[in-house]
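Just so you know, the sequences run in chain order C and G. FYI, in this note's numbering the residues of the first sequence are 3 to 141. FYI, in this note's numbering the residues of the second sequence are -18 to 103. Working notes, beginning with the structure itself.
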Amino acid sequence: MMAERPEDLNLPNAVITRIIKEALPDGVNVSKEARRAISQAASVFVLYATSCANNFAMKAKRKTLNAGDVMSAMEEMEFERFMEPLREALEVYKKGQKGKKEVSEQKRKDKEKKDCENELEEEEEQRIEEENEEEEVEN
Amino acid sequence: MKMSQNNDDKEDRSPTNKNKGISLPISRVRLIMKSSPDVSSINQEALFLTTKATELFVQHLAVSSFNKGSGKDTNSLSYTDLASTAEETETLHFLTDILPKKILARDYLKSLEEMREENPDF
């Protein structure tokens, strides 16, 4: 997957605006220019973090970026303040993923019982995609 | 910008983000990450963490610029506050390229003048 247009590298303004509003005291007016600058800064942050994390992965001779690489990147970028909230968020995320896996497994079994050919094909494609992603996690 | 109070979540969160504790769309963050050279693959946890970290970063940048900035009296956050914070904060130096400090044209001309006086070849 490639970014085809430059705007593909922007983050959605509505979400960025909401995050800014929630972080600041009530009623603070954030100029449009400031919002756009923060949004661009966020994209640059992603690129910077990715490049740092990728260096850690390459040093370890791994092709896939993993959670540890991102955490090391935060440390290198001197954003240690993010590390604890990130660890907590990851724990919650992992629990959620585990639950989701069980649910989708159950759904799959139900579907097979129904023996509905067309639907199965579609589901199967999606499932294979998901499984591939999960394989990456395990690697 | 349209934003109704009732279904805030529905509007801002893409379906894949539901219940994951993040607001930014993971797919977009992945696209940005993949645009970085040498990155071949990213696992789901790394993607999640980067998305979450970006949200923390947005909060951090906004709050520290507001606290340092001149807008505390007027209850506002301006571009200038962000640009000065990026310049003054070591960890935010990587932003100075996209957050250049603005200077007035007359100040620019004045400094140009001064440079010429010091160095006539310039």
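Where is the CB? At the ideal position from N, CA and C, for every residue including glycine.
Residue burial is scored here from C-beta neighbours: I22(C) has at least 16 other C-beta atoms within 10 angstroms and is therefore classed as buried. Contact between T31(G) and V17(C) is ruled out by a C-beta separation of about 15 Å, above the 8 Å threshold. Cβ neighbours of R7(C) within its own chain (closer than 6 Å, five residues either side excluded): none. For the 8 Å CB-CB criterion, A44(C) and V20(G) do not form a contact.
With respect to chain G, the C-beta atom of V105(C) has no partner C-beta closer than 8 Å. Residues of the region 13 to 36 of chain G that bring their beta carbon within less than 9 Å of a beta carbon in chain C comprise I13, M14, K15, S16, S17, P18, D19, V20, S21, S22, I23, N24, Q25, E26, A27, L28, F29, L30, T31, T32, K33, A34, T35 and E36, in sequence order. For T77(G), the nearest beta carbon of chain C is not closer than 8 Å to its own beta carbon.
Beta-bridge pairing by DSSP links T66(C) to S22(G). Residue contact with chain C for Y89(G): absent (no Cβ-Cβ distance below 8 Å to any residue of chain C). DSSP lists L58(G) as the beta-bridge partner residues of V32(C). For Q108(C), the number of other beta carbons within 10 angstroms of its own is below 16, and it is reported as exposed. The Cβ atoms of Y89(G) and E35(C) do not sit closer than 8 Å to each other.
Rounded to whole angstroms, the gap between the alpha carbons of D62(G) and G50(G) is 5 Å.
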